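Going left to right, the sequence shown walks through residues 158 to 416 as this note's numbering numbers them.
Note that CB positions come from ideal geometry on N, CA and C, so glycine has one too.
None of the values given here were measured: they were computed from a predicted structure.
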Amino acid sequence: MKTYIIGNWKMNFTVGESSLFLHKLLQKVPSYRDIETVVIPSLIAIQSLSLQTDRRKIKLGCQNFYHQDFGAYTGEVSIAQVRSLVDYAIVGHSERRYIFNESDKDIRAKVAAALRGGLTPILCIGETEAERKDGETADVLRDQLLGGLGDVSAEDISKVIVAYEPVWAISGHGKATVASPLDVKDAFKLIRKILKETYGKETAEETALLFGGSVKSTNAESYLLLDDCSGLLIGGASLIASEFTDIIEIAKRVKDERP
Ligand code: 13P
């Protein structure tokens, strides 16, 4: 399986800044066949970046979309409208769940829409600090995972990426605590177990699990070394070219050194 290094730019950079930043990345980012590098800019920038990027080096994704293809949905953008521009689509990010009140039902419809449109959904799940303190982590992860995957068949599950992003570890909302590799290992174990129960052992092994939450070049290796880790979903550090490219190099080294 490839290692995914994915930068979620969130609501940062103007269109011009996005283009300049991608230009810088394209000069610095090496093209490794076993590392999939993806950047996920603001929707407004994806058309111009899709013309600018070299997809063999850096692929694109979208941060959000509506599950219907076309119609009277003012302000929304559909998979049918972005599918020729991007390869990946984030679904169920905690910022969408908690700031924009997206429900598991919305998220389920989006995962299905992304698959229907031929894009790879990156389904984000993760507990809040309060849920963790109350011992609800396992229940929350199960509910969000099965809630989001409700309409996904065993045939399609290998086309979905699951990202564990504990809300308490995500930067940009005040205080964030860095997750220990052990925290992430436990969550991956649980996610894999639920996938196996739902889709069968072999099929479940094909689903890539990523970690996201305050990942930087200084801690990336500790997560990438986890057996079940197929990559990282990076927010803040993906806005700094040297950090992002350093993380790609670390991922390559970890991959090469893996037995
Ligand atoms: P940070 O890396 O800034 O904590 O963000 C993680 C994230 O939410 C990526 O989707």
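Report yes if the CB atom of residue i is closer than 7 Å to the CB atom of residue j, and no otherwise.
{"i": "GLU414", "j": "SER374", "result": "no"}
{"i": "SER328", "j": "SER260", "result": "no"}
{"i": "ALA377", "j": "ILE407", "result": "yes"}
{"i": "ALA280", "j": "VAL317", "result": "The displayed chain sequence assigns Leu, not Ala, to residue 280. Going by C-beta atoms, LEU280 is nearer than 7 Å to VAL317."}
{"i": "ALA361", "j": "LEU352", "result": "yes"}
{"i": "ASN165", "j": "GLY392", "result": "yes"}
{"i": "VAL196", "j": "ILE215", "result": "yes"}
Spatial neighbours of residue i within its chain, please: C-beta separation below 7 Å, excluding the five flanking residues on both sides.
{"i": "GLU230", "result": "A small correction: the amino acid at residue 230 is Tyr; Glu does not occupy that position in the sequence shown. Hits under 7 Å: TYR223."}
{"i": "GLY274", "result": "ILE236, ALA237, ARG240"}
Could you tell me the boundaries of the alpha helix (DSSP H) in which residue i lies?
{"i": "LEU298", "result": "294-306"}
{"i": "VAL172", "result": "172-185"}
{"i": "GLU359", "result": "358-362"}
{"i": "GLU414", "result": "398-414"}
In this structure, does DSSP put residue i in helix, strand or coil?
{"i": "PRO278", "result": "strand"}
{"i": "LEU383", "result": "coil"}
{"i": "ILE203", "result": "helix"}
{"i": "ALA326", "result": "helix"}
{"i": "ALA287", "result": "helix"}
{"i": "ILE314", "result": "helix"}
{"i": "LYS216", "result": "strand"}
{"i": "VAL372", "result": "coil"}
{"i": "VAL196", "result": "strand"}
Between residue i and the rest of its own chain, which residues show a CB-CB distance below 6 Å, the 5 nearest in sequence each way excluded?
{"i": "THR294", "result": "GLU284"}
Where do the ends of the beta strand (DSSP E) carrying residue i lie?
{"i": "ALA320", "result": "318-321"}
{"i": "LEU368", "result": "The question names Leu, but residue 368 is Phe in the sequence shown. 365-369 is the span of the beta strand (DSSP E), which, as asked, contains PHE368."}
Can you give me the Cβ contacts of residue i inside the same chain, cut-off strictly under 8 Å, excluding the 5 residues immediately before and after it?
{"i": "MET158", "result": "GLU363, ALA365, SER387"}
Could you give the uninterrupted runs of the beta strand (DSSP E) lying entirely in the segment 238-277, keeping only those of 3 residues or more? If one requires a minimum length of 3 residues, the beta strand (DSSP E) runs lying completely within the segment 238-277 are 245-248, in chain order.
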